[in-house]
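If you read the sequence shown in numbering that gives the first Met the number 0, its first letter stands for residue 0, the second for the next number, and so on.
Since the structure comes first, as structure tokens, the remarks are kept for the end.
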Amino acid sequence: MNHVLHLKCLICGRTYAPDEIDYVCPLHGSDGIVDVVYDYDAVGRRISRQQLRHNGDPTIWRYKPLLPVSPDAAVPPLAVGGTPLYAAPRLAAELGLRRVWVKDDGRQPTASFKDRASALAVVKAQEKGATIVTTASTGNAAAALSGLCASVGLQNVIFVPASAPQAKIAQLLVFGATVLLVEGTYDDAFDLCLQAAAHYGWYNRNTAYNPYMSEGKKTASYEICEQLGWQAPAAIFVSVGDGCIIGGLHKGLKDLLALGWIDRMPRLIGVQAAGSNYLAEAWEKGENVLTKPPIAAHTVADSISAGLPRDRLKAMAAVQETGGAFVAVSDAEILAAIPTLARGSGVFAEPAGAAAYAGLVKAVDKGLISVDETFVLLITGSGLKDVQNAMVSVTNAGNQPHHIAPDMADVQQVVSQLRS
Ligand SMILES: *Cc1c(COP(=O)(O)O)cnc(C)c1O
Ligand SMILES: [Zn+2]
Numbered sequence: 000m001n002h003v004l005h006l007k008c009l010i011c012g013r014t015y016a017p018d019e020i021d022y023v024c025p026l027h028g029s030d031g032i033v034d035v036v037y038d039y040d041a042v043g044r045r046i047s048r049q050q051l052r053h054n055g056d057p058t059i060w061r062y063k064p065l066l067p068v069s070p071d072a073a074v075p076p077l078a079v080g081g082t083p084l085y086a087a088p089r090l091a092a093e094l095g096l097r098r099v100w101v102k103d104d105g106r107q108p109t110a111s112f113k114d115r116a117s118a119l120a121v122v123k124a125q126e127k128g129a130t131i132v133t134t135a136s137t138g139n140a141a142a143a144l145s146g147l148c149a150s151v152g153l154q155n156v157i158f159v160p161a162s163a164p165q166a167k168i169a170q171l172l173v174f175g176a177t178v179l180l181v182e183g184t185y186d187d188a189f190d191l192c193l194q195a196a197a198h199y200g201w202y203n204r205n206t207a208y209n210p211y212m213s214e215g216k217k218t219a220s221y222e223i224c225e226q227l228g229w230q231a232p233a234a235i236f237v238s239v240g241d242g243c244i245i246g247g248l249h250k251g252l253k254d255l256l257a258l259g260w261i262d263r264m265p266r267l268i269g270v271q272a273a274g275s276n277y278l279a280e281a282w283e284k285g286e287n288v289l290t291k292p293p294i295a296a297h298t299v300a301d302s303i304s305a306g307l308p309r310d311r312l313k314a315m316a317a318v319q320e321t322g323g324a325f326v327a328v329s330d331a332e333i334l335a336a337i338p339t340l341a342r343g344s345g346v347f348a349e350p351a352g353a354a355a356y357a358g359l360v361k362a363v364d365k366g367l368i369s370v371d372e373t374f375v376l377l378i379t380g381s382g383l384k385d386v387q388n389a390m391v392s393v394t395n396a397g398n399q400p401h402h403i404a405p406d407m408a409d410v411q412q413v414v415s416q417l418r419s
């Protein structure tokens with residue numbers, strides 16, 4: 000038995016028993032994103048902050064009583080979660096801030112935050128006896144699903160835009176996925192995948208359709224707060240495409256407040272690319288995200304390119320209910336953030352990961368945050384996911400390699416130009 004009470008539609012408020020629906024509210028289709036509601040009294044009897052201190056399991060499964068899985072559920076062998084939270088005093092000093100922490104989710108098994116959700120998808124798929132799992136993805140959710148499926152020998156079918164970075168496509172193929180490269184956008188791939196899943200009866204991992212993905216993603220909030228000794232930070236900066244991560248972070252923080260494990264709600268700052276700013280625009284203009292039409296999304300940060308953010312209800316709630324904000328950053332700012340973040344902290348992020356840092360810079364500029372507080376940057380993906388854009392970023396920053404002959408004289412020439 001897990002401690003899920005019911006699934007609640009975010010539009011009509013109707014509740015469903017966990018075995019009554021597989022994914023969405025039948026009355027609201029793919030807009031009918033449901034939230035997983037827990038019995039916190041029962042959870043509190045099975046887990047405490049003291050018990051966690053003696054729990055040697057660093058993975059997301061250390062929080063099992065807070066997840067929608069049974070205590071004896073078999074979990075995939077890949078070690079998901081338990082990523083480091085680094086103090087970044089030089090980054091903080093450059094921006095005139097007191098304390099900045101960097102949570103490096105590029106360190107996950109398939110090198111992105113998406114492993115947190117895909118791990119749960121695999122457990123739920125096995126619970127259902129599914130033989131094939133599917134998802135649409137800009138790349139990372141798919142790589143995460145394929146890797147986690149490979150770890151347990153589960154077949155998977157992946158829909159990605161043909162424009163996805165090579166490294167992500169390579170991951171899918173290496174893990175043995177059936178890969179459908181869709182000549183279209185992520186939004187096209189998403190709609191096609193939903194149809195195929197329904198048609199063939201595959202287990203559907205799609206973001207903001209499968210209600211359990213937010214539940215995997217919320218574990219990052221648990222880790223951040225636990226790593227900070229249960230002192231919640233003032234704000235968490237995270238890049239936003241579909242909005243599932245920021246919604247998941249919010250859910251995790253609400254869980255911790257309900258359990259009395261933290262005593263304040265951090266502000267959630269959603270960072271969008273200026274060319275994929277559906278939510279930032281809706282937030283600024285006070286638009287209704289259930290009626291706002293899709294936009295045409297274009298950004299160098301492929302992981303946050305979403306014309307119609309699928310988890311827009313949870314994403315808006317995450318910002319509104321925490322007194323947070325959305326900020327939009329240009330592609331140039333995102334690319335500039337890659338080497339700045341890397342040199343200032345030792346963490347190499349893909350464009351969507353570095354966007355969190357670009358958002359912090361923007362928030363400081365706009366006076367959105369007070370300098371003497373504690374901020375967390377959630378770095379959602381490794382820089383090795385997109386080497387091509389990393390090379391563009393260092394070229395833009397004027398950091399070029401020195402081509403030399405195998406000769407000490409050439410070495411000396413370069414060395415003589417170094418600043419002492
Ligand atoms: C998916 C992803 C995001 C955005 O998450 P959403 O839930 O789509 O908002 C950000 N960064 C990386 C690296 C991602 O893979
Ligand atoms: Zn509904």
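We put the CB at the ideal spot given by N, CA and C, even for glycine.
| Query | Result |
| --- | --- |
| Distance cut-off 7 Å: N287 Cβ against heavy atoms of ligand 1 | no |
| C243 Cβ short of 7 Å to ligand 2 heavy atom set | no |
| Rounded C-alpha distance that separates I294 from K284 | 15 Å |
| Buried versus exposed call for A279 [16 or more other C-beta atoms within 10 Å across all chains shown] | buried |
| Residue list, Cβ distance to ligand 2 heavy atoms smaller than 7 Å | C8, I10, C11, R13, C24, L26, H27 and G31 |
| Heavy atom of ligand 1 within 7 Å of A351 beta-carbon | yes |
| N276 CB to nearest heavy atom of ligand 1 below 7 Å | no |
| CB contact flag (G306, Y277, <8 Å) | yes |
| For Y37, three-class secondary structure by DSSP | strand |
| S381 versus D406 - alpha carbon distance | 35 Å |
| Coarse secondary structure for W100, derived from DSSP in three states | strand |
| Distance, G81 Cα to Q226 Cα | 10 Å |
| Residue from N54, L51, R309 and A354 whose Cα sits closest to the Cα of D186 | R309 |
| One or two residues paired with N203 in a DSSP bridge | T133 |
| D114 CB to nearest heavy atom of ligand 1 below 7 Å | no |
| Contact under 8 Å by Cβ, L147 with L77 | yes |
| Top-ranked residue by Cα proximity to K384, from S369, P350, L367 and E372 | P350 |
| Sufficient close CB pairs (3 or more, under 8 Å) joining the stretch 346 to 362 to the stretch 87 to 106 | yes |
| Whether S213 touches L252 by CB criterion (8 Å) | no |
| Close-in-space but distant-in-sequence residues of the same chain around D241 (CB under 7 Å, 5 per side omitted) | T206, A207, A305, P308, R309 and D310 |
| Nearest residue (CA-CA) to G323, options C224, I59 and A233 | A233 |
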